[in-house]
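For the sequence shown, the working numbering gives the first residue as 39, with consecutive numbering after it. Working notes, beginning with the structure itself.
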Amino acid sequence: MSNAERFEHDPVMRDEIVEVFADVPPGVVLDATLGGGGHAEALLESRADLQVLGLDRDRVALEAAGARLERFGDRFSSAHARFDSLREVMEERDVAELSGALFDLGVSSHQLDSADRGFSYRNDGPVDMRMDASAEWSADDVVNGYDESRLADVIERHGDERFARRIARAIVAARPIERTTDLAAVVTAAIPAPARRTGGHPAKRTFQAIRIEVNGELDILPDAIDRAVDAVAPGGRVAVLTYHSGEDRIVKDRFRAATERCVCPPELPCVCGAVQTVRLVRGHRKRPTDAEITENRRASSARLRVVERMAPETGVR
């Protein structure tokens with residue numbers, strides 16, 4: 039199967055994303071997490087006056103997206119970069135401002151389906167989990183290198199896993215762990231039997247936590263959101279699809295900060311001169327439909343948040 043074929047998955051909340059960007063100004067929309075190009079394709083098909091600049095750390099994703107979107111010619115371009123480097127990429131491509139920015143966070147279906155990438159607790163592969171295969175740091179460094187306390191903290195903080203201490207203790211005792219199926223088995227055995235029977239695969243949260251740690255996903259997200267908000271033109275929008283509580287908390291916090299720029303005490307008149315430049319966009323569907331979840335299990339935990347850049351003259355505290 040070719041790289042392009044492996045990426046042929048329907049993007050999460052495709053129709054909702056098209057609707058969110060339906061009225062943004064003509065120009066460049068940044069797809070900060072390009073993947074296989076599903077969202078980019080939908081946006082390019084929906085409006086002839088939009089271009090898409092796609093970023094991704096995964097070179098296989100860039101190759102697949104390039105093949106998928108070749109028919110759009112120079113309306114599509116891409117860069118091998120993390121999404122917190124969006125300003126640097128914009129400067130390199132001579133893009134002064136954006137009509138919109140989209141972040142579809144988390145791991146893509148093709149990465150889970152590719153056993154050799156090490157993301158899946160169901161498929162046997164090396165303990166890897168690097169989104170950028172050229173990066174030196176991998177899941178092996180976390181699983182076999184972190185001490186018990188640090189490992190437990192990662193699993194609890196990034197996975198919301200209530201049995202993090204037990205799991206970390208079991209992982210340390212089983213070292214070295216070199217295969218994903220072995221890691222999944224160790225995690226599963228560490229969780230009490232009654233808890234294994236609810237909430238999906240017992241290793242799901244631990245694998246999520248290790249993946250986030252390896253790729254620094256939550257570390258780079260706040261700055262990336264702030265940069266995207268500052269880069270959009272009046273009328274432009276920033277949309278973010280999150281898949282777990284840690285991501286969603288960060289996005290909610292950064293969007294709130296963007297809509298409340300005044301730093302004066304709320305009980306006193308504003309003297310800092312700040313004005314509101316971004317508003318929350320409401321009225322769109324925030325979660326996938328039941329039909330979409332049936333077709334795509336990855337969509338089940340998705341949540342969509344959107345802000346819009348306000349024209350300067352409409353800014354209010």
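Yeah, the Cβ is synthetic: ideal placement off N, Cα and C, and Gly gets one too.
Unbroken beta strand (DSSP E) run spanning residue i, endpoints
i      : result
Gln89  : 88-94
Thr280 : 270-280
Assumed close pair residue i, residue j - CB separation to whole angstroms, cut-off 8 Å
i      : j      : result
Leu93  : Ala70  : 5 Å
Arg243 : Glu199 : 4 Å
Val316 : Ala329 : Not really, about 32 Å apart at Cβ, beyond 8 Å.
Arg275 : Val319 : 6 Å
Met169 : Arg95  : 5 Å
Beta-ladder partner(s) of residue i, from DSSP
i      : result
Leu136 : Val270
Arg317 : Glu346
Arg217 : Pro164
Val181 : In DSSP, Val181 forms no bridge with anything.
Val62  : DSSP lists no partner for Val62.
Residues of its chain near residue i, where Cβ-Cβ distance is below 7 Å and the 5 sequence neighbours each way are ignored
i      : result
Ala42  : Its pLDDT being 49, under 50, Ala42 is placed unreliably in this model, and the coordinates cannot settle the point.
Glu54  : His322, Arg323, Leu342
Val181 : Val165, Ile209, Ile215, Leu221, Ile248
Met39  : Annotation note: pLDDT 46 at Met39 (below 50); position unreliable, no value reported.
Ile331 : Ala337, Ser338
Nonlocal neighbours in the same chain, by C-beta distance under 6 Å from residue i, ignoring five residues either side
i      : result
Arg52  : Ala80
Phe201 : Ile229
N-terminal and C-terminal residue of the alpha helix (DSSP H) that residue i is part of
i      : result
Ser115 : Not the alpha helix (DSSP H): Ser115 falls in the beta strand (DSSP E), residues 114-118.
Gly75  : Unbroken run through Gly75: none, as it is neither H nor E.
Asn253 : 242-253
Val210 : 202-212
Arg52  : 52-58
Gly284 : 283-297
Glu101 : 97-106
Thr327 : Neither: Thr327 is in no alpha helix (DSSP H) and is coded neither H nor E.
Ile193 : 186-197
Pro232 : 231-234
Own chain partners of residue i with C-beta closer than 8 Å, once the 5 adjacent residues on each side are dropped
i      : result
Asp286 : Thr280, Arg341, Arg343
Ala269 : Leu68, Leu124, Arg125, Met128, Glu135, Leu136, Ala139
Ala60  : Ser84, Arg85
Within the segment 120-175, ranges of the beta strand (DSSP E) (whole runs, at least 3 residues): Annotation note: the segment 120-175 contains the following uninterrupted beta strand (DSSP E) runs of length 3 or greater, listed N- to C-terminal: 136-142.
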